[in-house]
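Participant:
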Amino acid sequence: DDPFEFGQIATANALSDIYAMGAKPISALSIVNFPQKKMDIDVLRNIMRGSLDKLQEAECALLGGHSVEDDELKFGLAVTGQAEPSKILLNNTLQANCDLILTKPIGTGIINTALRGGLASPKAIKASSHSMKQLNKYAAEIANDFNVVACTDITGFGLLGHIAEMIVKSNFGVEIYYDKIELLPEVTDYAKLAMVPAGTYRNKEFRQKMLVENSKIPPEKLDILFDPQTSGGLLLVVPKQESTKIVKAMHKCSITAQKIGKTTSKAEKIEVRL
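First residue of the sequence shown: 484, per this note's numbering; consecutive thereafter.
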């Protein structure tokens, strides 16, 4: 309900793909659909203020934008980034003997759904908002100092959906340790109440077949793993000998990174350890 925070979150989300590729954002164009007859123009001003706040933090210039009158408010950014060719990160270049590191907690989609249903607590809302506003800039800068072999950001496909993208048509699989994944407050409670976004079911339908056969994952945990994220963290694939060092470096910068799994030789398969 806060236009300033809305602008911050939308901007952090838009910048995330640039950071996931090992690049730095340099410029952006805003894209706005605004219901001028229903909303005060101050709403748009505050959205832009929030967006500029995050763009300044990212040292990214806003060059202009496009606006359209619409029945529903929409806001986003088209972002241009720059990277050294040798430093560009892809999401499909996994290697053997690597750990997976996740840099943010998950559960924003479930909390946002609980919020719309009037069930989310102030604690959960605050934690979710704080996470969504955080730029992946700082995690990406630390990752740049290490031998990261692959990277993606966790957004609309959910954690397992994005992991599936990383291993599809490859010789590798992934093993995930559920208890190592940091969750936002009260996410499990809301998932048990089926307060999950529609995108969760689409994600499961599309990628659940990549889970190892006979995986006995409780329904609420499976929903959390496929929960669509807004401005989620980076998922880094790092050689085992470097993973502890990169996690420690991130913790020193107050980034709640965790080792949540490893690569395996089970091609195109995801195994979840509970």
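By construction, the Cβ of each residue, glycine as well, lies at the ideal position given by its N, Cα and C atoms.
Everything numeric in this text was worked out from a predicted model, so none of it was measured.
Less than 7 Å between C-beta atoms, sequence neighbours within five positions excluded: which residues of the same chain meet that for Pro668?
Facilitator: So the list reads Lys606, Ala607, Ala610, once near-sequence residues are dropped.
Participant: Which partner residues does Ile584 have in the DSSP bridge list?
Facilitator: In DSSP, Ile584 forms a bridge with Leu719, Lys742.
Participant: Which value, in whole angstroms, describes the spacing of the CA atoms of Gly600 and Phe629?
Facilitator: Between Gly600 and Phe629, the C-alpha separation is close to 42 Å.
Participant: Please classify Gln773 as buried or exposed, where buried requires at least 16 neighbouring CB atoms within 10 angstroms.
Facilitator: Because residue 773 is not part of the residues shown, which for the chain are 484 to 757, the question remains open.
Participant: Might you give, ordered along the chain, the residues of its own chain that have their beta carbon closer than 7 Å to the beta carbon of Met693, omitting 5 neighbours on each side?
Facilitator: Cβ neighbours of Met693 beyond the five flanking positions: Ala647, Glu751, Lys752, Ile753.
Participant: Would Ile571 and Gly505 qualify as a contact pair, given that the criterion is a beta-carbon distance under 8 Å?
Facilitator: Their beta carbons are under 8 Å apart, which means Ile571 touches Gly505 by this criterion.
Participant: Give the DSSP-derived three-state secondary structure of Ser737 in the structure shown.
Facilitator: It is coil, neither helix nor strand.
Participant: If Leu545 sits next to Ser499, beta carbons under 8 Å apart, how far is it from one beta carbon to the other, in whole angstroms?
Facilitator: In fact, because the Cβ distance is near 17 Å, the residues do not count as touching under 8 Å.
Participant: Return the chain-ordered ranges of every beta strand (DSSP E) run that is complete within the region 665–728 and spans a minimum of 3 residues.
Facilitator: Runs found: 717–722.
Participant: Rounded to the nearest angstrom, how far is the Cβ of Thr586 from that of Met615, given a contact under 8 Å?
Facilitator: That pair is no contact at about 13 Å.
Participant: Give the secondary structure of Thr747 by DSSP, where H, G and I count as helix, E and B as strand, and everything else as coil.
Facilitator: It is a strand residue.
Participant: Does the region 700–719 come close enough to the region 623–642 that 3 or more CB-CB pairs lie under 8 Å?
Facilitator: Yes, since at least three Cβ pairs between the region 623–642 and the region 700–719 fall closer than 8 Å, the two stretches touch.
Participant: So what does DSSP say about Ile509, is it helix, strand or coil?
Facilitator: Residue state, collapsed to three classes: strand.
Participant: Nearest to Pro508 by alpha carbon, out of Leu573, Glu542, Leu560?
Facilitator: Among Leu573, Glu542, Leu560, the Cα nearest to that of Pro508 is on Glu542.
Participant: Does the beta-carbon of Leu757 have 16 or more other beta-carbons within 10 angstroms, so that it is buried, or is it exposed?
Facilitator: With fewer than 16 other Cβ atoms within 10 Å, it is exposed.
Participant: Looking only at its own chain, which residues have a Cβ that is under 7 Å from the Cβ of Val651, when we skip the five neighbours before and after it?
Facilitator: Counting only Cβ-Cβ distances below 7 Å, and skipping sequence neighbours, we find Glu751.
Participant: How about Gly559 and Met531: are their beta carbons less than 8 Å apart?
Facilitator: No, the Cβ-Cβ distance between Gly559 and Met531 is not below 8 Å.
Participant: Please give the ranges of any alpha helix (DSSP H) in the region 560–622, keeping only runs that are unbroken, at least 4 residues long and fully inside the region.
Facilitator: Listed in chain order, they are 591–599, 605–616.
Participant: Put Phe629 into one of helix, strand or coil per three-state DSSP.
Facilitator: DSSP places Phe629 in coil when its eight states are reduced to three.
Participant: Span of the beta strand (DSSP E) holding Ile753?
Facilitator: 753–756 is the extent of the beta strand (DSSP E) around Ile753.
Participant: Tell me where the alpha helix (DSSP H) around Ala503 begins and ends.
Facilitator: Here the alpha helix (DSSP H) through Ala503 covers 486–503.
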